[in-house]
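Below is one structure, written out as structure tokens; the observations come after it.
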């Protein structure tokens, strides 16, 4: 398996799309599937739809549960918290991101990953930062201010 991963890494670095690559991906996908579950009553669950339903129910009960409205006011809850941020820490945490912060975030994105929702991998943005940087910084600051993405 180690030799296969080394060959795949080398092929991906050089942009090779080989039969070996596709065979490797299919093999990995076969390992990444849940084909059978045993529930809390030792019953076997083996159909995909039943596995999905079982997992949804399990995580809904684990994470969801009933939401009960609270009668406590926000100030009452805040008065129970003994650790508070100093005003300096609050001002630092609430300060807007600088242009440098945004640029460093772009340049720290992982390489050789799937394209972003816009269809471009991180390498595209970092390689073309001189042309795109100002627009990207403006778009991100606009999003952080308004909560909306630009529709251009």
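Numbering (the working numbering), first residue to last: 203 to 354. Idealized CB from N, CA, C, for every residue including glycine.
- Taking three-plus beta-carbon pairs below 8 Å as touching, is the region 303–316 in contact with the region 275–282? no
- Task: Output the boundary residues of the alpha helix (DSSP H) element that contains residue 255.
- Result: What you label residue 255 is simply residue 53 of the chain shown in a count that begins at 1. Residues 250–261.
- Under a three-way DSSP split, which group does residue 247 fall into? What you label residue 247 is simply residue 45 of the chain shown in a count that begins at 1. Residue state, collapsed to three classes: strand.
- Item | Contacting residues, own chain, Cβ-Cβ under 8 Å from residue 241 (five flanking each side not counted) | Counting from one through the chain shown, the residue named residue 241 turns up at place 39. Closer than 8 Å at the Cβ level, and outside the excluded window around residue 241, lie 247, 256.
- Determine the closest residue to residue 302 out of 333, 348, 271, 339, with distance taken between C-alpha atoms. Taking the first residue of the chain shown as 1, we reach residue 302 at position 100. Checking every option, the nearest Cα to that of residue 302 belongs to 339.
- Task: Would you mind listing the alpha helix (DSSP H) stretches within the region 273–325 that are 4+ residues and don't spill past its ends, in chain order?
- Result: 276–282, 289–296, 301–309
- Can you tell me whether DSSP reads residue 351 as helix, strand or coil? By 1-based counting over the chain shown, the position of residue 351 is 149. Residue state, collapsed to three classes: coil.
- Span separating the alpha-carbon of residue 306 from that of residue 335: The residue you call residue 306 lines up with position 104 of the chain shown. The residue you call residue 335 lines up with position 133 of the chain shown. Spanning the two alpha carbons is a distance of roughly 11 Å.
- Proximity below 9 Å, CB of residue 346 to CB of residue 298: Numbered from its first residue, the chain shown carries residue 346 at position 144. Numbered from its first residue, the chain shown carries residue 298 at position 96. Closer than 9 Å, so yes.
- Beta-carbon spacing of residue 253, residue 265 below 9 Å: Counting from one through the chain shown, the residue named residue 253 turns up at place 51. Counting from one through the chain shown, the residue named residue 265 turns up at place 63. Contact flag unset, no.
- Message: By alpha-carbon positions, which one of 243, 229, 289, 325 ends up nearest to residue 309?
- Response: Locating residue 309 in the chain shown gives position 107, counting from the first residue. Answer by Cα proximity: 325.
- Message: Taking the alpha-carbon of residue 331 as reference, which of 321, 223, 304, 344 has the nearest alpha-carbon?
- Response: Along the chain shown, one-based indexing puts residue 331 at 129. Nearest C-alpha to residue 331: 304.
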